[in-house]
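Protein sequences appear in the order of chains W and U. Under the numbering used here, residues 84 to 388 are what the first sequence spells out, in order. Under the numbering used here, residues 537 to 868 are what the second sequence spells out, in order. For glycine and all other residues, C-beta sits at the position ideal for the given N, C-alpha and C. Written out below as structure tokens is the structure these notes cover.
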Amino acid sequence: MLRFLLTRLGLAALVALTVSLISFSLLFLAGDPAVALAGEAATEEDIQAIRAQYGFDRPLPVQYVAWLTGALTGDFGNSYYFNTPVIDLITERLPTTMRLGLAGICFALLLAVPLGVIAAIRPNSLIDRFALFISVVGQAMPTFWFSLILIVIFAVALGWVPVSGSDTWRHFILPTVVLGYFATPGIMRLTRAGMLEVLRADYIRTARAKGLHPLKILFKHALRNAAIPVVGLAAVQLGFMLGGSIVVETIFALNGAGLLAFESINRNDFPVVQALILIFSLIYVMLTLLADLLNAWLDPRIRVA
Amino acid sequence: MNSLLSVRNLRVEIPVGAGLLKPVRGISLDLNKGETLCIVGESGCGKSLTSLALMGLLPKVARCSGDRLSFGGQDLLGLTERQMARLRGRAISMVFQEPMTSLNPAYTIGDQLIEGMIRHDGVSRAKARDRAIFLLEKVGITAAASRLSQFPHQLSGGLRQRVMIAMSLMCGPDLIIADEPTTALDVTIQAKILRMMKDLQAELGMAMVFITHDLGVVARIADRIAVMYAGIFVETGTARQIFDTPTHPYTKGLLSCLPVPGKTKLGARLGAVPGVVPALIGGVQGCGFASRCPLRQAACDIEPELSERGDGHSCRCVHDTPTLRKAEWATA
Numbered sequence: 084m085l086r087f088l089l090t091r092l093g094l095a096a097l098v099a100l101t102v103s104l105i106s107f108s109l110l111f112l113a114g115d116p117a118v119a120l121a122g123e124a125a126t127e128e129d130i131q132a133i134r135a136q137y138g139f140d141r142p143l144p145v146q147y148v149a150w151l152t153g154a155l156t157g158d159f160g161n162s163y164y165f166n167t168p169v170i171d172l173i174t175e176r177l178p179t180t181m182r183l184g185l186a187g188i189c190f191a192l193l194l195a196v197p198l199g200v201i202a203a204i205r206p207n208s209l210i211d212r213f214a215l216f217i218s219v220v221g222q223a224m225p226t227f228w229f230s231l232i233l234i235v236i237f238a239v240a241l242g243w244v245p246v247s248g249s250d251t252w253r254h255f256i257l258p259t260v261v262l263g264y265f266a267t268p269g270i271m272r273l274t275r276a277g278m279l280e281v282l283r284a285d286y287i288r289t290a291r292a293k294g295l296h297p298l299k300i301l302f303k304h305a306l307r308n309a310a311i312p313v314v315g316l317a318a319v320q321l322g323f324m325l326g327g328s329i330v331v332e333t334i335f336a337l338n339g340a341g342l343l344a345f346e347s348i349n350r351n352d353f354p355v356v357q358a359l360i361l362i363f364s365l366i367y368v369m370l371t372l373l374a375d376l377l378n379a380w381l382d383p384r385i386r387v388a
Numbered sequence: 537m538n539s540l541l542s543v544r545n546l547r548v549e550i551p552v553g554a555g556l557l558k559p560v561r562g563i564s565l566d567l568n569k570g571e572t573l574c575i576v577g578e579s580g581c582g583k584s585l586t587s588l589a590l591m592g593l594l595p596k597v598a599r600c601s602g603d604r605l606s607f608g609g610q611d612l613l614g615l616t617e618r619q620m621a622r623l624r625g626r627a628i629s630m631v632f633q634e635p636m637t638s639l640n641p642a643y644t645i646g647d648q649l650i651e652g653m654i655r656h657d658g659v660s661r662a663k664a665r666d667r668a669i670f671l672l673e674k675v676g677i678t679a680a681a682s683r684l685s686q687f688p689h690q691l692s693g694g695l696r697q698r699v700m701i702a703m704s705l706m707c708g709p710d711l712i713i714a715d716e717p718t719t720a721l722d723v724t725i726q727a728k729i730l731r732m733m734k735d736l737q738a739e740l741g742m743a744m745v746f747i748t749h750d751l752g753v754v755a756r757i758a759d760r761i762a763v764m765y766a767g768i769f770v771e772t773g774t775a776r777q778i779f780d781t782p783t784h785p786y787t788k789g790l791l792s793c794l795p796v797p798g799k800t801k802l803g804a805r806l807g808a809v810p811g812v813v814p815a816l817i818g819g820v821q822g823c824g825f826a827s828r829c830p831l832r833q834a835a836c837d838i839e840p841e842l843s844e845r846g847d848g849h850s851c852r853c854v855h856d857t858p859t860l861r862k863a864e865w866a867t868a
């Protein structure tokens with residue numbers, strides 16, 4: 084188990100290092116950053132001055148190491164646009180996205196897993212059809228449209244929740260539903276398929292032959308084995324959500340990290356983009372690691388791998 | 537007669553696209569305490585479904601009916617699923633064919649051994665653990681206490697089947713149904729496991745329904761034998777009767793496939809029963825074995841009844857006993 088843990092941690096660290104290299108080099112993919120910063124009317128001297136000011140005249144490895152050591156201490160430099168530390172911008176925006184993402188995945192799991200389990204116990208029943216309907220709709224409906232419908236019904240017509248903003252928990256209800264519902268179909272179908280397969284397994288027959296309680300068979304013996312692929316998928320989807328949903332954050336005027344990323348790209352605000360990419364990626368790496376550990380806990384056979 | 541298990545005319549039917557599949561077409565049996573009945577037959581004859589029907593573990597689509605299915609004086613056909621679950625694992629338990637897949641990979645074998653006993657007998661974990669260790673040692677597993685924390689994937693097939701057998705014994709059942717428990721194991725392990733099951737049975741005094749297609753296995757453990765073909769018993773009797781004076785052409789055919797030490801000459805060809813089991817959709821007309829039988833005649837178009845051919849020895853065939861005894865399978 085310790086070896087498994089160390090291997091996974093080592094791999095995660097390697098991935099993180101690679102990602103940092105890629106997000107650093109993004110700055111130079113879009114051409115000479117000094118030219119972009121200087122603006123259209125800039126003279127060659129202006130550009131040279133900017134190059135010196137931002138340190139673009141140093142060799143690339145030096146710049147990378149400087150950037151990385153800064154990043155490790157939370158110093159991503161200043162935003163070109165706001166001229167304030169990048170880290171301040173991010174710590175201001177990221178909690179909103181985190182809150183929304185976590186709420187979204189919880190909503191998705193709470194809706195999708197029970198529905199998937201019931202659909203698997205009673206295939207082709209009314210509930211199974213209903214679950215299929217929900218997942219088809221969820222898959223097919225554009226997020227922005229669904230958001231607007233929810234706003235029209237629950238915020239405007241019924242007035243149960245605020246239309247937009249991020250001041251109280253009630254502001255998060257509609258965005259959570261939208262974001263969570265988007266993740267529901269995949270999780271539900273995977274739960275259903277996994278449960279259907281596991282329920283046919285010989286060891287379920289053994290559990291029944293032992294005379295165990297049906298609920299114990301379902302939750303102890305079946306769900307644990309069916310959950311393994313679901314954990315992986317949920318981790319990926321949570322990663323998506325924590326990367327921020329531009330659409331949802333825009334529509335509900337949630338000042339989250341997704342919106343910040345979108346705006347920073349439009350403003351050529353490279354330090355912010357770099358920092359966000361690195362942070363989003365690290366979150367992803369961490370979630371994958373977490374999913375691996377969770378699966379190793381669920382299935383002892385994974386621990387030796 | 538006061539038998540432990542008494543079955544009359546048990547049927548299993550499964551609706552399929554093309555009609556009604558009738559894999560078990562009315563079997564009857566009586567089993568006394570401590571006795572071993574072997575149900576022998578080839579693949580697809582309905583023997584596994586018979587065992588699942590006895591356990592109440594048939595797939596949902598299958599329908600089970602019968603004139604009687606009583607166990608220890610209790611009518612099983614009338615029980616609800618909940619009542620049946622109370623019997624399963626406690627009074628009747630089962631050992632399955634596939635030791636590699638019959639244990640849940642996510643739990644330790646200790647956990648899987650004790651959970652049934654905790655449920656049925658309401659004992660503490662510690663007490664159930666003691667019982668598990670005791671039984672693991674009984675089935676010949678060394679270092680039993682340390683095995684409890686192992687996972688199924690850390691054990692070999694033979695060990696896993698021993699664990700399954702120990703598991704079936706946890707609550708001290710009156711009846712064990714073993715569905716080809718040694719088929720997936722290699723021959724040396726097979727012999728060990730069979731001997732062990734026989735010893736345990738003598739020691740613990742439970743009855744056993746042993747399902748197999750392997751006559752070599754039958755010879756080792758059976759008190760009584762039922763030869764199953766196309767969903768019904770074609771011959772039943774004591775192990776001696778079946779092996780010494782086989783009567784039904786199918787039984788004789790099966791036995792001719794076996795080499796007999798000291799009798800079968802070196803280089804001689806073993807027998808084979810030609811043909812295949814008839815399709816069981818919509819039932820079988822006449823004698824199910826007629827299409828493969830060397831003694832076939834017009835009367836075989838009507839299904840014969842199981843008739844007495846000696847003390848407790850019955851055979852389902854239109855021919856009289858002397859004709860059947862005389863008849864030989866032409867070895868190809």
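Along chain W, which residues have their Cβ under 7 Å away from the Cβ of A621 of chain U?
G294
I'd like to know whether the C-beta of T637 of chain U is nearer than 7 Å to at least one C-beta of chain W.
yes
Going by the DSSP bridge assignment, what does M630 of chain U pair with across the sheet?
U:I713
With DSSP as the reference, identify every bridge partner of E839 of chain U, one or two as the case may be.
E839 of chain U pairs with nothing; no bridge assigned.
Excluding sequence positions up to five away, which residues of its chain have a Cβ less than 7 Å from the Cβ of F190 of chain W?
T259, V260 and G263
Measuring CB to CB, does G562 of chain U end up less than 7 Å from A743 of chain U?
no
Compute the Euclidean distance between the alpha carbons of S638 of chain U and L695 of chain U, then round it to the nearest angstrom.
12 Å
Roughly how far, in whole angstroms, is the beta-carbon of L343 of chain W from the beta-carbon of S103 of chain W, given that I think they are within contact range, below 8 Å?
Not confirmed; about 19 Å, so no contact.
Nearest-angstrom Cα distance between A868 of chain U and T774 of chain U?
Low local confidence applies: a pLDDT of 42 at A868 of chain U is under 50, so the model's placement there is unreliable, with the coordinate-based value given in what follows. Each residue's Cα considered, the two are about 29 Å apart.
In DSSP terms, what Y765 of chain U is bridged to
U:I768
Check each candidate in U:E673, U:V770, U:M636 and U:T800 and name the one with the smallest Cα separation from L721 of chain U.
U:M636
Is any beta-carbon of chain W found at less than 7 Å from that of F607 of chain U?
no
Determine the closest residue to F335 of chain W out of W:T267, W:I232, W:P297 and W:Y367, with distance taken between C-alpha atoms.
W:I232
Pick helix, strand or coil for V809 of chain U, following the three-state DSSP scheme.
coil
Give the interface partners of A203 of chain W over in chain U, defined as CB-CB distance under 8 Å, in chain order.
Here the premise fails: no neighbours, minimum Cβ distance about 13 Å.
Taking the DSSP output, what are the residues bridged to V552 of chain U?
U:G555
Starting from the C-beta of V631 of chain U, find all residues in its chain whose C-beta is less than 6 Å away, skip the five residues before and the five after it, and write them out in chain order.
M700, I701, S704, A714 and P717
Which same chain residues, not among the five before or five after H689 of chain U, have their C-beta less than 7 Å away from its C-beta?
P641
Can you check DSSP and say which residues form a bridge with F746 of chain U?
U:C574 and U:A714
Three or more C-beta pairs closer than 8 Å, one from the stretch 545-564 of chain U and one from the stretch 348-365 of chain W: is that the case here?
no
Cα-Cα separation, R832 of chain U to D780 of chain U
23 Å
Between the CA atoms of A214 of chain W and S230 of chain W - distance to the nearest angstrom
21 Å
Whole-number beta carbon distance between A621 of chain U and G646 of chain U, since they are thought to touch under 8 Å:
Wrong, their Cβ atoms sit about 22 Å apart, outside the cutoff.
According to DSSP, which residues form a beta bridge with H849 of chain U?
U:G846
When DSSP labels each residue in this structure, what does L88 of chain W get in the three-state scheme?
helix
How big is the Cα-Cα spacing for V219 of chain W and P268 of chain W?
7 Å
Does at least one heavy atom of the ligand HEM sit under 6 Å from the Cβ of L262 of chain W?
Judged by which ligands are present, the structure shown has none, so any question about the ligand HEM falls away.
Tell whether a beta-carbon distance below 7 Å holds between F159 of chain W and A340 of chain W.
no
Out of U:S682, U:L842, U:L649 and U:Q648, state which residue places its alpha-carbon closest to the alpha-carbon of H784 of chain U.
U:L842
Contacts of G752 of chain U in chain W (Cβ-Cβ under 7 Å)
Simply none; closest approach about 25 Å.
Can you check the stretch 190-245 of chain W for any alpha helix (DSSP H) of at least 4 residues that lies completely inside it and give the ranges in chain order?
209-223 and 226-233
Name the residue from W:D285, W:F87 and W:T101 whose alpha carbon lies nearest to the alpha carbon of V368 of chain W.
W:T101
If C823 of chain U sits next to C836 of chain U, beta carbons under 8 Å apart, how far is it from one beta carbon to the other, in whole angstroms?
5 Å
Cβ-based neighbour list, R386 of chain W, same chain, cut-off 8 Å, excluding 5 preceding and 5 following:
M84, F87 and A379
How many Å lie between A946 of chain U and G602 of chain U at the Cα?
Residue 946 of chain U lies beyond the range of chain U shown here (537 to 868); nothing can be said about it.
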